[in-house]
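Residue numbers (this note's numbering), protein chains in the order written: chain A, 10 to 333; chain B, 92 to 440; chain C, 29 to 522.
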Amino acid sequence: MRILVLLLLPVWLCSACTALPAEERAFAVALCVEKTAEEWHVHGRIPTYQPGGGYMTVAGEGGSFSAALADMDAASPMRINLSQLRLLAVDVSLAESGGLLNLLTTLSNRRDMRMQCAVALTDEPLQSVAEALKPAAGTRLSKALDLMLNARMEQGSILPATLSDVLRLGERQSPILIALAMAEGDVSLSGGYTADGVYLSVDETALLSLLLGHAKTLRIEVTEGSAEVRDAAVKVCLDEDLARVELTLTATASSLTQEALEQGLADSILGLLTRLSTAGCDVLGLGRQAAMHTHDVTQWQTLNWPEKYRDIRWQVSVGVSGPA
Amino acid sequence: MSQLTSRAAGEKRTRLSLLQLLCAVSLWRTAVTQVLPLCGASAWWVTLACLLPGIGTAALLRWIMYLTHTDTLPEAFRAGLGKAGMWLLSAVLGALLLVEGLSGLTVLITLFTQGVGTRGTPFTLSLLTGGALLLSLHREGLSRAVHFLRWGMIAATVLIAACLLPDARLDQLFPLYGVADASVPEALKAGISLAWPLTLLLTGPCAKGDGLSRAVLPVFAAPAALLLLTLIMPGELLTRPAALADLLLLPAKYAPNALQILYLCLLMLTMFLAVGAAVQLATEQLCIPQKRCPGWLPHAVLIGLVLIQTADAGTLWELLSAVQPWLLVPLAGVALLCLPASIIRRKIV
Amino acid sequence: MPITSSIADNRRRMDAALHRDINPDMKVRHFCVFGKDASLYYAEGLCSVDFLQHYVLTPLTELRDAAVPADPDAALREAVYNADVQPAATVSEAVTQVMTGRAVVFVDGMSGALGFDVRVFVRRGISPPLTEQVVLGPHEGFNESLRDCITLIRRILPTPDLISEMRTIGSRYPVGMCVMYLHGVADETTLSRIKARLDGIRADHVLSVGALQQLMEDRPYALLPQCILTERPDRAASMLLEGQIVLLLDGSSQALVLPASIWHLLHTPDDTSARFQYGTFMRVIRLLGLLCALLLPGLFVAFVTFHPEALPVTLLTSILESQASVPFSIPIETLVMLVMFNLIGEAATRVPSVVGSTLGTVSGLILGSAAVDAHLVHPLLLIVVAVASLGSYAVPDYSLGIALRIGQLLMVLAGSVFGVYGMVLMIAVGAVRLCSLTSLGSPFAAPCSPPRAHNPDGVICAPLWMQRWRTWLSAADDRLRVCGPMRRWDRRKR
């Protein structure tokens, strides 16, 4: 019996073989998606795998996102694989129309999808964006993108926004996606977008970076001047319809007095949070605190948090220590 | 004699490892496929609650062993109800283990076809898995292999948990009751029998009680894993309608690719060994009254389970899901049948 | 056929049995002793002619004209100077004695013959073992002489409890062998099992210890060896102290040790000769080498073919760029490279030493830069296969190393057709098969699985003073080697 099994196993194994050699796959490093009135357009940036390196753009279009992807796959010299994706750039109009989360969910259901790719929104033409994605001399595009993303995050210019992070926020927090722009033919990442397409400037993104704890040390600009701050600690409390934000930090170099810096920061944060809450973007995740006081999901849904959040009042206090 | 005692202790520990693996995999599979889709974020404590009927039944069976002054369950039933009792117990436990083996094999094949995306029909993959299982069915070898690989499996589990833990958020535990009112009772009903393998564990090699608390630790792997899942994923993602394969892949869905592969490998290895364990234990149970087990029986049973895979996987799974909540009933039934006889016997003695 | 008292009959039978008419090696010397005709049979080359002349023939011929004593047998023994005299009652016994290098004397009127030990064989001196080299520890290895091998072990364990039971094996062409064990330490059940198996072997001749291994193993079809073959007397002695039994075969320079476990195949004398920290480190490295040897090529193939998403993109791109110009797929390349490396290993073993350096140059050139430059092979694959091969050579047991190389190929096949999942299934099946192996009934994966009481000397090499117990393979009532602390002089309280 065992000898028979041993003889038959290779036959069964081969019939189950699903290997597509890696050299017959095109590993897309960046994917750009946009939707016009009638069609979806996707542009993928893939390496050419020649000894000298180089990248090419493949495009596809279709009546649905999946159809567009399939079209791009057909146009590509090899089968597209998204397991090494670094950047997903989406047209901001898709976010404004409310289709962003559906798109991200569809992508997350692909077996080969890399969930750690960064999600960016842009209002630039996506074909140009795709063509403009080139590696710096001597590096690979994937490495260049990784370095750029890490550097911008450290500077506080953008917030971490991977596909995995965005989807796992669920209904209790709103993501802030990366804002992608073109400057002199090069792609730059700075600022942010809400999932509904509301733009945030670099300064606003830096403030959010402080508030969300992604950056502990930052150079921030307020109306009257600028300051270098570090050791930021944030406390956010929700009390009925009042949200209290307490921020303490140390200023190491500031062109302002301590009081001026505190007031400037508080005003900036208040303005930003009010704008975001009016737009329905629960960036600080107050929904999590609201959910903790509910019994079950029905009660949470009855609460109608997105509407309640728009009417929330903010109270911001900033405490700065260190040299003025 | 001490050499024999130490050898017996060694064999007992390998046997315990096999039962622990079967329990842990069975609980995890049932919790993820039956309980989690119904109640989402509350699945972890619902699973804990669902352990109670299994613990209760096991306690009942241990009480019967105590009343009859026996070391094993078949002896207890023979003492209480005679040979018919032993036959009854063997039939019940054998049938339960066969259902367990069938469920495990179905899920494993579904994972191959729909989860991993392996080319090939379910039947071809069943032949492949069955062939590999045939090579692995060895009375002592399987339990020793599980004991041998246990640290590797534990290390992989800890590594996966450690990699997922940084994404955990305590607030995602709330609301504690999880999904809507009606779902928790449904989930409890679906999972009420999920802990039936506990009876094997608690009345098996640790029947004497030494190291019992350590022996049942793997049972809590499923609730702990579901708790971690709740912490790393919001509840609304946990109750999104999903196919069987997607439910199994859910824990590592948002993890890096390498971690996904590690999780899948661990899942396959544990499920593969658990199916082998179920088949082996089922044949042992069925042969207890005859006191000897023909060598070909486990292979024949396995071939039977593989042939059942020719049926439509969806229909098969629906049938198994319908049977799942009732698995504890026959076991509790035979226990209640034997209990009065054991009490009377104890009084007489 | 019993030896008769007629010298003519005995001469005729011996001449026929030894094929003297066509076998010029078989010599006979006729002489007189006690006034009777006598004959001395011996095999040229197996006897020392000097010993024969001086210590056998000379004293015997001096008794040419002596009166016939009441007990000629005793008289002959007293007359001759040899330490070892064995009687032969039958012609076949006499023939066996001649073939083992003794000089057999027949005397007219004496029923029976006497065999005098005048053996001297051309044999190799004691040299370092070829396949089990160590840095620290003795550098003596067994040779092909059974007596020398026994002597080497006896020097290490000079105790009367060291029993060496001599026997022959081979029904038609017997060869001498020795069963060595420590009385009271070796388990009696194991010993009787070994003897029963030896008695149950029906082979016309057993050429080497490797052949004996195949006739003794529990599962000869299994990939892993279930016995230990060792060239080192110190290793054999340490296993005797653990209650294992050593079989020596005349003409083989290895000893066969039974029963065994997988851990015995991974330990070397270096581990105990060096400090325990170094021993542990070396064992961990060896274990890593074993895992690399078994899994690395398969994992490489599986990841590149099935799971490229798990590889860092820089590595993946590098692989794909160079793979673009290679005509073969990664699985084929890997299999070919593994076969080539095994071929080099085999050729290196067989090649005469005068051209050994040429082989190294040729293989390095062919498999190294030339193959890569010709885009026949991927450079990273070369490194992977080289590391895997090094891992297999780091394993101390030669048989286990070959088993690993076969397992490596199986893993590559599994990884090629089913990716990491295939390898996982293969690992599961392999683990079950490993754990189901037994060595003389003792589980092969013990003390790991099933757990057995043992010395803390598995993967971690515990300090020597903590290793106070014998293994589970020894007799149950003699497990404790040392009572009390070994370092009695050390007064520090721990």
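Where a beta carbon is used, it is the ideal one built from N, C-alpha and C, also for glycine.
Supposed close pair residue i, residue j - CB separation, criterion 8 angstroms
{"i": "Val61 of chain C", "j": "Arg92 of chain C", "result": "6 angstroms"}
{"i": "Ala115 of chain B", "j": "Pro309 of chain B", "result": "4 angstroms"}
{"i": "Gln241 of chain C", "j": "Thr258 of chain C", "result": "Incorrect: roughly 12 angstroms between the Cβ atoms, too far for contact."}
{"i": "Ala77 of chain A", "j": "Glu70 of chain A", "result": "5 angstroms"}
{"i": "Ile167 of chain A", "j": "Leu216 of chain A", "result": "Between Leu216 of chain A and Ile167 of chain A the Cβ distance is about 13 angstroms, and since that is not below 8 angstroms, they are no contact."}
{"i": "Gln263 of chain B", "j": "Thr321 of chain B", "result": "6 angstroms"}
{"i": "Asn348 of chain B", "j": "Glu337 of chain C", "result": "4 angstroms"}
{"i": "Ser117 of chain A", "j": "Leu176 of chain A", "result": "6 angstroms"}
{"i": "Arg221 of chain C", "j": "Gly469 of chain C", "result": "7 angstroms"}
{"i": "Ala102 of chain C", "j": "Leu88 of chain C", "result": "The pair is not a contact, with the Cβ atoms about 14 angstroms apart (cut-off 8 angstroms)."}
Other residues of its chain near residue i: CB distance less than 8 angstroms, five sequence neighbours each side excluded
{"i": "Ser266 of chain C", "result": "Pro297, Thr300"}
{"i": "Met92 of chain B", "result": "For Met92 of chain B, the predicted model reports a pLDDT of 49, less than 50, meaning its position is unreliable and no value from the coordinates is stated."}
Same chain, Cβ closer than 7 angstroms to residue i, neighbours up to 5 away in sequence not counted
{"i": "Tyr208 of chain A", "result": "Ala188, Gly200, Tyr202"}
{"i": "Ser183 of chain A", "result": "Thr203, Ala204, Cys290, Asp291, Val292"}
{"i": "Pro30 of chain C", "result": "Ala117, Thr118"}
{"i": "Glu105 of chain A", "result": "Asp205, Gly206"}
{"i": "Leu178 of chain A", "result": "Pro184"}
{"i": "Val203 of chain C", "result": "Thr196, Ile197, His233, Val234, Leu277, Asp278, Gly279"}
Beta carbon of residue i nearer than 8 angstroms to that of residue j
{"i": "Leu113 of chain B", "j": "Ala306 of chain B", "result": "no"}
{"i": "Ala160 of chain A", "j": "Leu186 of chain A", "result": "no"}
{"i": "Ile181 of chain C", "j": "Met138 of chain C", "result": "no"}
{"i": "Leu329 of chain B", "j": "Ala132 of chain B", "result": "yes"}
{"i": "Val329 of chain A", "j": "Glu237 of chain A", "result": "no"}
{"i": "Trp493 of chain C", "j": "Pro513 of chain C", "result": "yes"}
{"i": "Thr218 of chain C", "j": "Ile273 of chain C", "result": "yes"}
{"i": "Leu398 of chain B", "j": "Thr197 of chain B", "result": "no"}
{"i": "Ala333 of chain B", "j": "Leu118 of chain B", "result": "no"}
{"i": "Ala367 of chain A", "j": "Met191 of chain A", "result": "Residue 367 of chain A is absent from the model: chain A starts at 10 and stops at 333."}
{"i": "Ala321 of chain C", "j": "Ala456 of chain C", "result": "no"}
{"i": "Val487 of chain C", "j": "Arg378 of chain C", "result": "no"}
{"i": "Leu219 of chain A", "j": "Ala252 of chain A", "result": "no"}
{"i": "Leu127 of chain B", "j": "Leu317 of chain B", "result": "yes"}
{"i": "Leu462 of chain C", "j": "Leu252 of chain C", "result": "yes"}
{"i": "Leu185 of chain C", "j": "Val133 of chain C", "result": "no"}
Close beta carbons around residue i, own chain, < 6 angstroms, minus the five adjacent residues each side
{"i": "Ala98 of chain A", "result": "Cys41, Ala129, Thr131, Val138, Leu189"}
Residue i (DSSP reduced to helix, strand or coil)
{"i": "Leu23 of chain C", "result": "Chain C is shown from 29 up to 522; residue 23 of chain C falls before or after that span and cannot be answered."}
{"i": "Asp240 of chain A", "result": "strand"}
{"i": "Asn118 of chain A", "result": "coil"}
{"i": "His52 of chain A", "result": "strand"}
{"i": "Lys223 of chain C", "result": "helix"}
{"i": "Leu279 of chain B", "result": "helix"}
{"i": "Cys378 of chain B", "result": "helix"}
{"i": "Thr259 of chain A", "result": "strand"}
{"i": "Trp291 of chain C", "result": "coil"}
{"i": "Val483 of chain C", "result": "It should be pointed out that residue 483 of chain C corresponds to Asn in this sequence rather than to Val. Looking at Asn483 of chain C - three-state DSSP - the assignment turns out to be coil, as it is neither helix nor strand."}
{"i": "Pro214 of chain C", "result": "Checking the displayed sequence, the identity of residue 214 of chain C turns out to be Ala instead of Pro. Strand, per DSSP."}
{"i": "Trp408 of chain B", "result": "helix"}
{"i": "Met511 of chain C", "result": "The sequence shown places Cys at residue 511 of chain C, not Met. Correct three-state label for Cys511 of chain C: coil."}
{"i": "Val42 of chain A", "result": "strand"}
{"i": "Asn90 of chain A", "result": "strand"}
{"i": "Thr294 of chain B", "result": "coil"}
{"i": "Ala204 of chain A", "result": "coil"}
{"i": "His58 of chain C", "result": "strand"}
{"i": "Val415 of chain C", "result": "helix"}
{"i": "Ser234 of chain B", "result": "helix"}
{"i": "Met92 of chain B", "result": "Reliability of the predicted coordinates at Met92 of chain B is poor, the pLDDT of 49 falling under 50, and the value obtained from them is presented with this limitation in mind. It is coil, neither helix nor strand."}
Beta bridge counterpart(s) of residue i as assigned by DSSP
{"i": "Gln114 of chain C", "result": "C:Gly143"}
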